[in-house]
Structure formats: C-alpha cells, structure tokens
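If you number the sequence shown the way the working numbering does, the last residue is 229 and the count never jumps.
Backbone N, C-alpha and C fix where the C-beta goes; we use that ideal spot for every residue, glycine too.
To start, the structure under review is shown below, and the notes come after it.
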Amino acid sequence: MAPTKKIAPSILAADFAYLADEVAKVAPEADLLHVDVMDGHFVPNISIGAPVVKCLRPATDLYLDCHLMIENPGDFLDDFAKAGADSCTVHVELGDPRPLFDRMRAHGMRVGLVLNPDTPLDAVVPFLTEIDILLFMSVHPGFGGQAFIPEVLDKVRAARAIVDERALAVELEIDGGINLETAPLAAAAGADILVAGSAVFGASDTAAAARAIRDVAWGV
Ligand code: DX5
Ligand code: ZN
Numbered sequence: 010m011a012p013t014k015k016i017a018p019s020i021l022a023a024d025f026a027y028l029a030d031e032v033a034k035v036a037p038e039a040d041l042l043h044v045d046v047m048d049g050h051f052v053p054n055i056s057i058g059a060p061v062v063k064c065l066r067p068a069t070d071l072y073l074d075c076h077l078m079i080e081n082p083g084d085f086l087d088d089f090a091k092a093g094a095d096s097c098t099v100h101v102e103l104g105d106p107r108p109l110f111d112r113m114r115a116h117g118m119r120v121g122l123v124l125n126p127d128t129p130l131d132a133v134v135p136f137l138t139e140i141d142i143l144l145f146m147s148v149h150p151g152f153g154g155q156a157f158i159p160e161v162l163d164k165v166r167a168a169r170a171i172v173d174e175r176a177l178a179v180e181l182e183i184d185g186g187i188n189l190e191t192a193p194l195a196a197a198a199g200a201d202i203l204v205a206g207s208a209v210f211g212a213s214d215t216a217a218a219a220r221a222i223r224d225v226a227w228g229v
C-alpha cells in the first residue's frame with residue numbers, strides 16, 4: 010500500500026522571530042513541519058532544539074518531523090519526546106541506531122533514519138523493518154539553500170523498489186534543494202515526503218509555494 014504523498018516545509022528557512030505566524034500561514038498546504046536541529050558538531054551550523062519544539066507544539070496541530078543533525082541524539086530524545094515531537098530522525102553515520110529506535114518507541118514517537126548523500130543505501134537496508142521514515146539527504150546537511158544532488162535519486166529508486174517489493178511500511182522522505190524543478194524528479198524516483206525550506210519560506214506566499222511543489226510533484 011503506497012503511503013500518502015506529503016509536503017514538509019522546513020522551518021529552517023522561516024523567520025524565527027515570527028515562527029508561529031509563519032507556521033500558521035503555511036499550515037493549509039503542509040502535511041508535516043520539518044524541524045532541523047543542528048549542534049555545530051555533527052554539522053557546521055547551529056539552529057534550534059527541543060525548546061522551540063515545545064513552543065511550537067501548542068501553536069500547531071501539524072506533525073513535527075524533527076531531523077536531528079547532532080552528534081549525541083541519545084542525550085536529547087527524552088527532551089524532544091516531552092516537547093511534543095511526533096518523530097525524530099537520526100543519522101545512520103553515527104553508528105548503531107537500534108538503541109535510539111528503542112528509546113523513541115518507548116516514548117511513543119515514530120522512528121526516522123537518515124543517510125547523507127555519500128552514504129550508501131546498504132547502510133540503512135538492515136533497519137528498514139524497524140523504521141517509519143527513511144530520509145535521504147539530497148544536500149550535505151548543515152545549511153538550507155544548497156543545490157540538489159541528483160545522484161541521490163538512484164538511492165531513492167533502489168529504496169522504493171525494496172520497500173514496495175517487501176511491502177514495508179516505510180515512508181521515503183527527501184531533504185535538500187527541493188524546488189519546482191527537483192520535486193518532480195524526487196517524486197518520480199519514489200519519494201513520499203518532500204522537504205522544502207527555501208522554496209517555501211523564501212516565497213511571498215508560502216502556502217501557494219508549498220501547493221505548487223505538490224502540484225508539480227504529483228499533479229494533485
Ligand atoms: C539541511 C536541512 C534541510 C534544509 C533544506 O541540512 O536538513 O532540511 O532546511 O533547505 P532547502 O530546502 O533550502 O534546501
Ligand atoms: Zn532537514
């Protein structure tokens with residue numbers, strides 16, 4: 010059964026001074042809200058953490074999709090769960106993610122696993138039966154506004170084939186450089202969830218921008 014296709018605006022590109030307003034404006038065309046958490050160690054940039062998720066939680070009903078670009082996610086899963094995260098997505102490059110999965114499940118969060126552009130698909134295949142979301146980085150993590158890396162589409166296609174063949178309940182999500190040109194490529198490769206930061210929050214009408222991405226990707 011194919012999961013529903015979804016758009017996930019990334020608040021990294023929003024105006025943090027008006028975050029609740031930014032979220033409310035995009036909400037009619039958003040399925041999830043992508044929250045980029047960066048620690049200045051795993052990636053060379055610092056963004057936001059669980060306190061912001063805690064403030065967002067009462068401000069929106071949207072699913073909060075927390076992408077943890079941090080060296081020690083295990084130290085913060087409790088905080089994200091308590092703050093109201095719907096899922097946390099951890100990087101496979103950090104080593105065995107299973108203990109983190111167990112902690113996320115214990116908190117009732119959905120489980121995400123993410124791989125960088127240079128990480129082979131083989132690194133995540135052993136975990137496909139244990140996760141809800143597989144996130145493909147289509148830029149090197151750390152910054153919004155980078156150019157899409159098209160080679161990542163081969164991995165998305167290969168994952169789509171595995172997930173379909175084994176009828177796994179894993180959503181395929183792609184993050185980085187998604188815009189009106191790249192969204193159709195990602196959708197055609199089999200992505201279920203498109204994350205878009207600059208292409209949404211850089212537009213004057215953010216909801217229309219999200220809608221336009223959905224239209225070009227899936228024609229709906
Ligand atoms: C990059 C982040 C992305 C980022 C995407 O490290 O994981 O979620 O917000 O931004 P755009 O859509 O501008 O590439
Ligand atoms: Zn992200």
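Pull up the DSSP beta-bridge partners for residue i, would you.
i: R119; result: S96
i: S147; result: Answer by DSSP bridge pairing: none, since S147 is not bridged.
i: C75; result: V44 and C97
i: D184; result: M146 and V204
i: K14; result: Partner(s): none; K14 has no beta bridge.
i: I55; result: D48
i: S19; result: H43
i: L124; result: F145
Please work out which residues of its chain come closer than 8 Å, Cβ to Cβ, to residue i, disregarding the five sequence neighbours upstream and downstream, and give them in chain order.
i: A22; result: G153, G154, G206, S207, V209, F210 and G211
i: L103; result: F51, E80 and P82
i: R166; result: A198 and G199
Is residue i near the ligand DX5 - that is, is its Cβ less than 6 Å away from at least one heavy atom of it?
i: S207; result: yes
i: G153; result: yes
i: S19; result: yes
i: V225; result: no
i: A150; result: Looking at the sequence itself, residue 150 is Pro, so the reference to Ala does not match. Yes.
i: G186; result: yes
i: V101; result: no
i: V61; result: no
i: V134; result: no
Less than 7 Å separating the beta-carbons of residue i and residue j?
i: L177; j: L137; result: yes
i: V44; j: C75; result: yes
i: I183; j: A196; result: no
i: P37; j: A216; result: yes
i: G121; j: V148; result: no
i: A29; j: A68; result: yes
Below 6 Å CB to CB, which residues in the same chain sit around residue i once its five sequence neighbours on both sides are set aside?
i: M10; result: Unreliable placement is indicated for M10, whose pLDDT of 39 sits below 50; the coordinate value is still reported in the next sentence. Nothing listed; no residue qualifies.
i: H116; result: A90
i: R223; result: I16
Within 6 Å: the Cβ of residue i and any heavy atom of the ligand FAD?
i: G199; result: For the structure depicted, the ligand FAD is absent and the ligand set comprises only the ligand DX5 and the ligand ZN.
Go through its chain and collect everything with a Cβ distance to residue i's Cβ below 7 Å, but skip five positions before and after it.
i: M118; result: A90, A94, D95, S96 and C97
i: D24; result: E31
i: V124; result: Per the sequence shown, residue 124 should be read as Leu rather than Val. Counting only Cβ-Cβ distances below 7 Å, and skipping sequence neighbours, we find V101, A132, V133, F145 and M146.
i: G49; result: I55
I'd like to know whether the C-beta of residue i is nearer than 7 Å to at least one C-beta of chain D.
i: T191; result: The chain labelled as chain D is not found in the depicted structure, where only one protein chain is given.
Task: Shell residues, 5 Å Cβ cut-off relative to heavy atoms of the ligand ZN - done: Taken from the N-terminal end onward, the list reads D45, H76 and D184.
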